[in-house]
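Inspection log for the structure reproduced underneath, given as structure tokens.
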Amino acid sequence: MISTRILVSLLLLASLSACFTSVQGDAGDVDDPILISIDVENGAVSENTISFSGFVEDELIPSKMTWRVSKNGSDFDGGELKSELEEIPSTSNRPQWFWEFDLEYFRTGECVCYVSVIAEDLMGNKVTEMRVIFMIESDSNSKLTGLTLINSPSGLYQSNEVSVGGWAGSYQSGEFHDVEMSINTVITTSYSEPTVLPFISGGSSFTSSILLESGNFQINEPITENLDGWYLMEVTLFSGSNSITQSFTIKVNNQPPVINLQGISHDHEFNGWHTFDASQTEDPYWGGLDLYYVWTLRRPSHFGATPIDVEMGTDLQTYVVNGAISGNYSLSLTVYDEGGQFSTKVLLFNIENLPPSVSLNIDGQLITDGQKYNLHNDAQAVLEASADDTDNDKAGLRCVWLFDNVPLYEGCNRDFVWPDDSKYRATLTLEVIDDDGEIVSMQIEVVHPDEVQPFPFALIGLILSALFLGYSIIRRARLGAEPKIPKWDA
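Pasting the structure below:
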């Protein structure tokens, strides 16, 4: 069973890989997203200047490239980078261009600043890379808190738990302090764009929170008990009335698809196809779109647990089986939804082979099974077998003749010549075989015309014994009827 699952998984991966390759081939050259590298890490602190630098990577130089600085939810500074891009020796298989700019305290003032670098290609596809930094004088006692989410699963299917990662920090009196964070999950009706920058949330109260060191974080939020649907996830860093929150929406997908599979359980062979229909299969909440079907057909009666056919794809709501091939079958359907949940249903069915029928004529005379037939003086005969079967097997019927269980002829119509002069009686067997190996047979006793009947000594002895017994009975009766001679007393 494990090896079969591995086989199906490999076939699934191969299919997906082939599909991806096909899409790439249709689109021409592979166009990976723009890559932006920034040398400054989240949490950088300065009271003067922070020099930002890095590189951008793409097949072609970006059509646009800018940088922006935001604080308190609004952009207030930035500039253009496209004209200053300088190509450098690439460390990958795509060109790379160097960029740089300075962020100065006298322009930002004291702030938690969110610095974004934005690049756009010729197709209008944008990529943004962000850093959160602290501009603060060394003798300041202000408390600054920053939060940014990295690669949030916005708009994606999530099951069992949601992995939320990013950077969070609280800076005061020249050092970073631990931060208190919480994640709140609220059901909603539809998708909403994720917040790019955190917003003041006024210190909302949550039932639970966790304490973390300032820096990168990763929180796995359980959603096992949540029903399927859209949910708003709010990630909050507590800081009294200055608590800040970022949010995004997810598709909770804890329930697997419900498979509705219709098909036969038993039928006889015929020239046609059996259709198994799973078109009513759907996800309990998300419906029947974007489902991936994996059909696995086995024929245990002939091949055990080894699959004889595997088909997979998004547009495979039905599956057909040849009705002309008999056997015991197992049809397994596994349906994956877009979020990775899956269900499996197995349908067992049997296609029964009907045995052929046969009739026999010898020299034009209809012969029945078990009959005795005396050959004519030349010990020859015309054998005519008439075999019938279902349409799918008719063309493949074979007739085999056996003389005392020894194969003699093949073919339904044959001229028979007595094959063994040492025998005068024999059993002639006709076997009709279809393409499934099903055999129907009939036997008759054939008698050679030169057969000599043995002299019936036993019968004659029996007759003589009967005659003698009859004679004895009659004679005894006669003697009993004659008068007796009187005896004289002395």
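Just so you know, we're using this note's numbering here: the sequence shown kicks off at 29 and counts up by one.
By construction, the Cβ of each residue, glycine as well, lies at the ideal position given by its N, Cα and C atoms.
Please classify residue i: does DSSP put it in a helix, a strand, or coil?
i	result
Glu87	coil
Tyr499	helix
Ala494	helix
His404	coil
Glu112	helix
Lys451	coil
Phe304	strand
Ser269	strand
Ser385	strand
Asn378	strand
Gly489	helix
Asp478	coil
Trp323	strand
Ala72	coil
Leu177	strand
Gln124	strand
Ile228	strand
Report yes if the CB atom of residue i is closer than 8 Å to the CB atom of residue j, and no otherwise.
i	j	result
Leu436	Val386	no
Gly101	Leu225	yes
Ile164	Val73	yes
Ala333	Arg326	yes
Gly174	Gly193	no
Leu289	Leu375	yes
Asn254	Val280	yes
Ile64	Val145	yes
Ile472	Gln393	no
Ser81	Asp67	yes
Phe377	Leu403	no
Leu113	Thr94	no
Asn356	Trp301	no
Gln369	Gln274	no
Val460	Pro384	yes
Thr418	Val348	no
Residues bridged to residue i by DSSP?
i	result
Tyr313	In DSSP, Tyr313 forms no bridge with anything.
Gln471	Thr457
Gln186	Val280
Val143	Val97, Arg159
Pro435	Leu430
Val192	Ile247
Ser414	Ser387
Gln274	Val263
Gln200	Glu203
Val286	Glu310
Phe505	In the sequence under discussion, the amino acid at residue 505 is Ala, which differs from the Phe named in the question. Ala505 is not bridged to any residue.
Hey, could you find the ends of the beta strand (DSSP E) residue i is sitting in?
i	result
Arg554	Lying outside 29 to 518, the shown extent of the chain, residue 554 is not represented and no answer is given.
Lys171	From DSSP, Lys171 is part of no beta strand (DSSP E); its letter is neither H nor E.
Ser358	355–364
Met340	335–341
Gln393	393–395
Asp463	Premise fails: Asp463 is in no beta strand (DSSP E) and is neither H nor E.
Leu239	238–240
Asp295	294–296
Leu63	63–66
Since I believe residue j is in contact with residue i (beta carbons under 8 Å), could you give me their beta-carbon distance rounded to a whole number of angstroms?
i	j	result
Asn153	Pro250	Their Cβ separation, rounded to whole angstroms, is 35 Å, which puts Asn153 and Pro250 out of contact at 8 Å.
Thr346	Leu361	No, Thr346 and Leu361 are not in contact; Cβ-Cβ is about 10 Å, not under 8 Å.
Leu265	Val207	6 Å
Tyr133	Glu75	6 Å
Tyr499	Asp478	So it is not a contact: roughly 40 Å between Cβ atoms.
Leu172	Val140	5 Å
Alpha helix (DSSP H) containing residue i: first to last residue?
i	result
Phe134	133–136
Phe331	328–331
Asn350	Element bounds for Asn350: not the alpha helix (DSSP H) but the beta strand (DSSP E), 346–350.
Asp419	419–422
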